[in-house]
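Numbering (the working numbering), first residue to last: 206 to 480.
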């Protein structure tokens with residue numbers, strides 16, 4: 206049977222020098238006995254998935270009101286897509302997939318309904334009490350509001366996951382930890398952040414076209430869409446537009462991931478990271 210220590214050794218052997226290894230984590234606020242066959246970051250991911258806050262993402266939307274249709278993305282489906290993209294990127298860069306996945310799955314826990322409009326309204330209503338910001342609320346949820354353990358409030362996540370959720374906010378009101386003194390978050394946290402952008406840009410295209418909110422004439426003036434649509438028009442004659450839409454959006458996601466990967470490898474080489 207494989208043990209946690211075996212998984213930690215595999216990470217050291219297979220991940221890049223600049224990757225975050227679970228065995229090198231700064232640990233948790235409250236000390237706990239280590240799990241026998243799960244790494245610290247795997248444990249964090251599992252804890253996040255089983256929270257009430259994660260289940261509630263099913264009913265929170267970014268653009269469409271929930272009852273408008275079951276096709277459109279919710280915060281839950283978006284978080285799953287972000288996690289998948291983050292894992293793909295990490296795999297190709299030899300980064301820690303489990304850490305990036307944990308950050309990706311938890312990054313929207315603090316979002317209210319109705320997207321950024323909901324956040325702006327809450328921020329205005331709570332102005333006299335420090336306002337409202339969804340990243341800080343995500344941290345409050347995993348650090349304080351989830352009540353699942355008798356020994357502590359919150360989930361007692363590792364420092365690296367907490368820091369990734371915060372997107373490196375250095376406000377003194379930041380409920381991460383007071384020792385957040387490093388300049389940049391882990392590469393895995395940065396990957397999760399970029400995966401978020403890739404996912405919502407892609408699904409905004411999909412949902413926008415399906416709902417007829419996006420004008421195809423205008424969209425075909427955008428180079429990224431135009432180039433990818435042309436590719437499938439040349440490959441398939443008379444392809445049903447619904448199928449073509451899926452192929453174009455899929456291809457755009459691949460282009461964005463590949464471009465991000467190339468730029469990252471270039472920067473790692475230029476700044477001699479990990480050498």
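Where a beta carbon is used, it is the ideal one built from N, C-alpha and C, also for glycine.
Alpha carbon to alpha carbon, how far is residue i from residue j?
i           : j           : result
residue 414 : residue 440 : 22 Å
residue 461 : residue 355 : 44 Å
residue 405 : residue 436 : 23 Å
residue 430 : residue 456 : 9 Å
residue 210 : residue 475 : 34 Å
residue 215 : residue 426 : 47 Å
residue 446 : residue 278 : 20 Å
residue 402 : residue 284 : 11 Å
residue 236 : residue 288 : 27 Å
residue 464 : residue 391 : 20 Å
residue 424 : residue 276 : 21 Å
residue 332 : residue 409 : 30 Å
residue 459 : residue 320 : 26 Å
residue 420 : residue 250 : 39 Å
residue 367 : residue 343 : 9 Å
residue 444 : residue 293 : 29 Å
residue 330 : residue 350 : 21 Å
residue 468 : residue 325 : 34 Å
residue 432 : residue 454 : 12 Å
residue 407 : residue 255 : 27 Å
residue 271 : residue 219 : Summary for residue 271: the model assigns pLDDT 49, below 50, so the residue's position carries little reliability, and this model does not support an answer.
residue 428 : residue 244 : 43 Å
residue 442 : residue 248 : 49 Å
residue 434 : residue 206 : 49 Å
residue 477 : residue 398 : 23 Å
residue 416 : residue 466 : 32 Å
Is the distance from the Cβ of residue i to the Cβ of residue j below 9 Å?
i           : j           : result
residue 418 : residue 411 : no
residue 281 : residue 300 : no
residue 224 : residue 298 : yes
residue 353 : residue 252 : yes
residue 479 : residue 473 : yes
residue 246 : residue 307 : yes
residue 357 : residue 452 : no
residue 312 : residue 323 : no
residue 226 : residue 239 : no
residue 438 : residue 449 : yes
residue 217 : residue 228 : yes
Give me the Cβ distance between residue i and residue j, rounded to the nearest whole Å; I'm assuming they're in contact under 8 Å.
i           : j           : result
residue 241 : residue 208 : 6 Å
residue 396 : residue 257 : Rounded, the Cβ-Cβ distance is 27 Å, inconsistent with contact.
residue 394 : residue 422 : Actually they are not in contact, since the Cβ atoms of residue 394 and residue 422 sit about 39 Å apart, beyond 8 Å.
residue 302 : residue 295 : 4 Å
residue 221 : residue 309 : The Cβ separation is near 19 Å, so there is no contact.
residue 359 : residue 341 : Incorrect: roughly 14 Å between the Cβ atoms, too far for contact.
residue 314 : residue 389 : Not confirmed; about 23 Å, so no contact.
residue 318 : residue 265 : 5 Å
* Three CB pairs or more closer than 8 Å across the segment 326-343 and the segment 357-367 -> no
* Fully enclosed by the segment 316-350, which alpha helix (DSSP H) runs are 4 residues long or longer? -> 320-330, 339-345
* Asked: Where in the segment 234-302 do unbroken runs of the alpha helix (DSSP H), each at least 4 residues long, occur, reported from the N-terminal end onward?
  -> 245-254, 257-261, 280-298
* To do: Enumerate, from N- to C-terminal direction, the unbroken alpha helix (DSSP H) stretches of 4 or more residues contained entirely within the segment 397-465.
  => 421-424, 428-440
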